[in-house]
Amino acid sequence: MLHDIVPLALLCLPFAGGVLAWRLRRRQAATWLAIGVAALALALALAVRPWLVDGAVLRTVVPWLPSLGLDLVLRVDGLAWLFLLLICGIGLLVAVYARYYMPAEDPLGRFYGLLLAFMGAMVGVVTAGNVVQLAFFWELTSLLSFLLIGYWNQGASAREGARTALIVTAGGGLCLFAGVLLLGHIAGSYDLEVILAAGAAIRASALYTPMLVLVALGALTKSAQFPFHFWLPQAMSAPTPVSAFLHSATMVKAGVFLLLRLWPVLAGTEAWFWIIGGAGLASLLLGAAAAVFQQDLKAVLAYSTISHLGLITMLLGLGSALGAVAAIFHIVNHATFKASLFMAAGAVDHETGTRDLRRLGGLRRVMPITATLALVASAAMAGVPLLNGFLSKEMFFAATLSTHRGVAIDVLVAGLAVLASMFSVIYSLRFAVGVFLGRPRGALPRTPHEPPRWMRLPIGLLVLACVLVGVLPVRVIGPTLDLAAGAVLGTALPAFDLAVWHGFTTPLLMSALAFAGGCAAWAGLRGWFARRETLPLLGRFGAQRLYERVLALVTSSLPHALEPAYSGRRLQPQLLLIVLAAALAAGLAMYGTPMRFGLRASAVDPAFALLWLLGAICVVGAVRLAKFHRLAALVLVGGVGLVSCVSFVWLSAPDLAATQLLVEAVTTIVILLGLRWLPKRVAGLSPDPALARWRRYRDGVVAVGAGLGLAALAYAAMLHPVADSASNFYLEKALSEGGGRNVVNVILVDFRGFDTLGEITVLAIVALSVFALLRRFRPAVESVGAPMQQRLQAATREDGYDAGRADYLRIPGLIVQLMAPVIVLFGVHLFLRGHDLPGGGFAAGITVSVALVLLYMARGARWVETRLKVAPLRWIGLGLLLALATGLGSLAFGHPFLSSHSRHVTLPLVGELPLASALLFDLGVFGVVVGATSLMLVALAHQSLRRARPLPDADAEGG
Amino acid sequence: MELVLALAIGVLGGGGVWLLLRPRTFQVIMGLSLLSYAVNLFIFCVGGLRRGADPVLRTGAALTDYADPLPQALVLTAIVIGFATTALFLVVLLASRGLTGSDHVDGKDGAP
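Line order of the protein sequences matches chains A and B.
Throughout the first sequence, residue numbering follows the numbering used here, covering 1 to 959 in sequence.
Throughout the second sequence, residue numbering follows the numbering used here, covering 960 to 1071 in sequence.
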């Protein structure tokens, strides 16, 4: 039981601490909280150790979506435990260090909040027992590292560095996500346990190579491997504690962790060797070479990190068991000495105010303790005997010697390993000797002295670890290494000897060669190294520039090139494209299936034909008149709407007919309201008649083609025999399960209630958008004045009495005022009978809003609003809530969302009523429709009112 | 009957597409309206045309006596949503008119 809770607590604790720290305003409180949480996490991690004997694995499963094979699985084995130790341990030290490093005026709540959350995300990555979960936490680390690198977001370089890191690592994370989906597909499960057991099948799969490439993209971007290394030096604008934590111990190690995690499954193939080994070797060499030429303390460390991670990646790429053990060992060693070096660099920066290698020198005299610690840590980085770096480098040389892939590659790999090692000696010397030994080189921005004790303590502890591991490897790190390697390699651990002294072996010779070469090169060429900024010949490897070009192309050039063609100023080409795309899609769908007319057409009813002849005339008229005679065109389109309404009645669809009729009225009113704001059109010649003519021909062809295609398609569809469709189900079950006789309404509010919920939400959103758009609307100047009709009315009165204002629509206004309650009553009637007879929430809602709009039109907005409080937003809100509550109500009774219950009840006077819970849902629909429709209409109607205020002659009630 | 309705859909669709491709806002709105009639009728007719069929359940009638309810339900919501999009489009065009001072949607100004 306890071993279930501890990993879960370990995962949740940093996140909880992070959220809490974020809220804290006091520096002291935030610091103590962060230190406390990190210490507790470390204690929890240590507490896990006793459960991990004999290859045991801790598994905690929290079910989430078992049907999809997705559960929250926490899996702690030896490897994960080692990483937990690194994350929590170094996290604790960094938390202490940051307290003294960060500027005194920073309240630190946000900083520690992010740091703890990042720690939690890393814990999530290493304890993930499910690859999807791993990818999730992986992206979370990218996101949090973005926020941490850009913590000092006032600086442009910090923002840029953070952005680059995010784009590269999160992009890699997406590749990883695709990769793990493929992996899960091949293995048949996303569970890590299953995947680890299916190694042979995965390597034999045809999808192995694409999957490997995707996973490698994730790992290589995260671990800053060539050619994705360039984000790491840029990320050095992060606060130094962040660099010490993220860029030495944790985040960049996530990539190699992933490779180790999947090593049993993926390693050992040719593709693995070339992709992983190749990237590792390139990063090892180029990173080390570039580090030699850096002039910034942190940049040296950043390139050296690229190089050391390259070493680890290459060891993994070798595919040998010894390589994997050496990789794990070097991960630990690199984390300890690199974190201490970052902290030492931070101390130097903090005390002197500069990180420029050319200005620093002789700091041993003013900060002797820091200098000693940094010298020891640099020696570990260079691989000096009796320090941990030496041991893992020996193992690295041994591993390169023990692989056999043809003489040429063997010699090349071993030789390049020595060369890279030589570079690492050079940059270690530049870092340590140049900064701390020798004489001071002129004035520094600040007078340095020893940093506070609590800033030195974390460095000291890490350096102590380097020395202890270097002197007593078997005692100190042996069991942990066995545990972690056992988790990766299973029981078949290779023979490896952690002794400090192996006798005179080839690896020792290689070490000596690298050391001697490095010292000699440093002594001879130190002046040259200090004069350069970049690597000779290769510059910054070119990848950075490529990245910048691609970024500029995607975010600037390409949009600028495409914008004129596809921007909002040119709607027509886009509409044409949509029409053509639709035609293409229809053509593709029908390709190869000839049109068949399976049934015999029924006899033509002459009345129906006549009806549509009228309809066609209306269409043609509307098409012709839409340019200059808008009102006439609108009336004709309304005529078309009526014709289709009559067709619905004819063809046994009274519900549709009712809704169509009502919507027709409202649409016409909306467009009439809008007409007022459109500019006048006068007939005239187009500036380019030839072009206009060509356009008309082209559009004519497209339109005729679309019409013919639609007609043919409709004809074929109507004469296609309908197989057993879902409709029969609805017809059979409407009464017995939906409790209503109007099947259409039962489908809407019961069977497909969820769809309807979505639709009314859309309706609400559209209404709100209309409202929001109109709040900022300013009409053109020439349409602001009173309409011509009102002006004429006023002008004909000789006594100057403004009839337009007082008598405007007086008689219709009275009629509408009397009729409005009747219309509302009719709407209620439509609503109540909706479940059994044609009607329902949609139709009822529109009816009620028609009553409202008629009032607005006949009486004017002011008149209505002084007498009637409509509050359309409230209607929408209540309607949506009611619909949602009805759906949720069924959950309370143990049924799925939106299940309905029905019962017919008899009320006095009203008679029998079908009272289904769906009726409540329909009431919600009704509310949304009333609210949305009236919101749109009122918002439009208000336009003339708003503009009327500054202009005294404008009409106030013209709506 | 089928032929008449198919031709009607064709005329509506063709007219709608033609207006859709015209350069001014009002024409585009009218085009969209016509096109939505065409599409609604098309979806409706997919279930087959039934004259005099029962739209509402009645005791003792067979399944074949009823009109197909599914396309009707689809079209009913399509009509309401169609109204909403027309309104939204109208307001967008009005706003664009307010911003650019022209009701052209093809990026050309001034020409009558």
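Ideal Cβ placement from N, Cα and C applies to all residues, glycine included.
Pair within 8 Å by beta-carbon distance, residue i and residue j
i, j, result
"residue 652 of chain A", "residue 1010 of chain B", "yes"
"residue 313 of chain A", "residue 369 of chain A", "no"
"residue 346 of chain A", "residue 237 of chain A", "no"
"residue 256 of chain A", "residue 283 of chain A", "no"
"residue 1045 of chain B", "residue 667 of chain A", "yes"
"residue 1041 of chain B", "residue 1027 of chain B", "no"
"residue 377 of chain A", "residue 436 of chain A", "no"
"residue 1015 of chain B", "residue 728 of chain A", "no"
"residue 84 of chain A", "residue 114 of chain A", "no"
"residue 470 of chain A", "residue 390 of chain A", "yes"
"residue 241 of chain A", "residue 112 of chain A", "no"
"residue 45 of chain A", "residue 116 of chain A", "no"
"residue 130 of chain A", "residue 71 of chain A", "yes"
"residue 928 of chain A", "residue 760 of chain A", "yes"
Partners in chain A for residue i, counting only beta-carbon separations shorter than 7 Å
i, result
"residue 1019 of chain B", "Chain A residues near residue 1019 of chain B: none, gap ~12 Å exceeds 7 Å."
Neighbour list for residue i in chain B, Cβ cutoff strictly below 7 Å
i, result
"residue 641 of chain A", "996"
"residue 652 of chain A", "1009, 1010, 1011, 1012, 1014 and 1026"
"residue 711 of chain A", "965, 966, 968 and 969"
"residue 919 of chain A", "Result: empty, since nearest Cβ-Cβ is about 17 Å, beyond 7 Å."
"residue 623 of chain A", "974, 977 and 978"
Rounded C-alpha distance that separates residue i from residue j
i, j, result
"residue 979 of chain B", "residue 584 of chain A", "18 Å"
"residue 950 of chain A", "residue 561 of chain A", "Interpretation of residue 950 of chain A is limited by its pLDDT of 44, a score under 50 that renders its predicted location unreliable; the figure taken from the coordinates is listed afterwards. Residue 950 of chain A and residue 561 of chain A: Cα-Cα distance of roughly 43 Å."
"residue 259 of chain A", "residue 480 of chain A", "19 Å"
"residue 91 of chain A", "residue 181 of chain A", "31 Å"
"residue 460 of chain A", "residue 348 of chain A", "15 Å"
"residue 954 of chain A", "residue 661 of chain A", "In this prediction, residue 954 of chain A scores a pLDDT of 40, lower than 50, which makes its location untrustworthy; the coordinate-derived value is nonetheless stated afterwards. Cα to Cα, the separation comes out at about 34 Å."
"residue 516 of chain A", "residue 445 of chain A", "36 Å"
"residue 318 of chain A", "residue 273 of chain A", "6 Å"
"residue 857 of chain A", "residue 605 of chain A", "40 Å"
"residue 197 of chain A", "residue 203 of chain A", "12 Å"
"residue 956 of chain A", "residue 167 of chain A", "Below a pLDDT of 50, predicted positions are generally treated as unreliable, and residue 956 of chain A, at 40, falls in that range; no measurement from the model is reported."
"residue 689 of chain A", "residue 775 of chain A", "39 Å"
"residue 545 of chain A", "residue 551 of chain A", "10 Å"
"residue 290 of chain A", "residue 246 of chain A", "21 Å"
"residue 864 of chain A", "residue 823 of chain A", "16 Å"
"residue 352 of chain A", "residue 363 of chain A", "9 Å"
"residue 30 of chain A", "residue 108 of chain A", "6 Å"
Chain-ordered chain B contacts of residue i [CB-CB under 8 Å]
i, result
"residue 607 of chain A", "Neighbours of residue 607 of chain A on chain B: none; closest Cβ ~10 Å, over 8 Å."
"residue 66 of chain A", "Those do not exist, as residue 66 of chain A stays about 34 Å from chain B at its closest Cβ, beyond 8 Å."
"residue 360 of chain A", "Near residue 360 of chain A there are no residues of chain B at all, since even the closest Cβ is about 58 Å away, more than 8 Å."
"residue 633 of chain A", "985 and 989"
"residue 932 of chain A", "1043"
Residues bridged to residue i [DSSP beta-bridge criterion]
i, result
"residue 1013 of chain B", "B:1025"
"residue 71 of chain A", "A:63"
"residue 76 of chain A", "A:58"
"residue 128 of chain A", "A:74"
"residue 296 of chain A", "A:356"
"residue 605 of chain A", "Paired residue(s): none; residue 605 of chain A is not in a bridge."
heavy atom of the ligand HEM below 7 Å from residue i C-beta
i, result
"residue 1012 of chain B", "In the structure shown, the ligand HEM is absent, as is every other ligand, since no ligand is present at all."
From the options, residue whose alpha carbon lies closest to that of residue i
i, options, result
"residue 47 of chain A", "A:18, A:17 and A:6", "A:6"
"residue 373 of chain A", "A:853, A:464 and A:834", "A:464"
"residue 703 of chain A", "A:56, A:620 and A:646", "A:620"
"residue 836 of chain A", "A:746, A:851, A:870 and A:823", "A:746"
"residue 193 of chain A", "A:293, A:307, A:526 and A:58", "A:58"
"residue 596 of chain A", "A:714, A:938 and A:767", "A:714"
"residue 393 of chain A", "A:510, A:936 and A:458", "A:510"
"residue 495 of chain A", "A:508, A:478, A:640 and A:513", "A:478"
"residue 707 of chain A", "B:977, B:960 and B:991", "B:977"
"residue 665 of chain A", "A:648, A:650 and A:641", "A:641"
"residue 855 of chain A", "A:645, A:812, A:302 and A:32", "A:812"
"residue 61 of chain A", "A:297, A:8 and A:42", "A:8"
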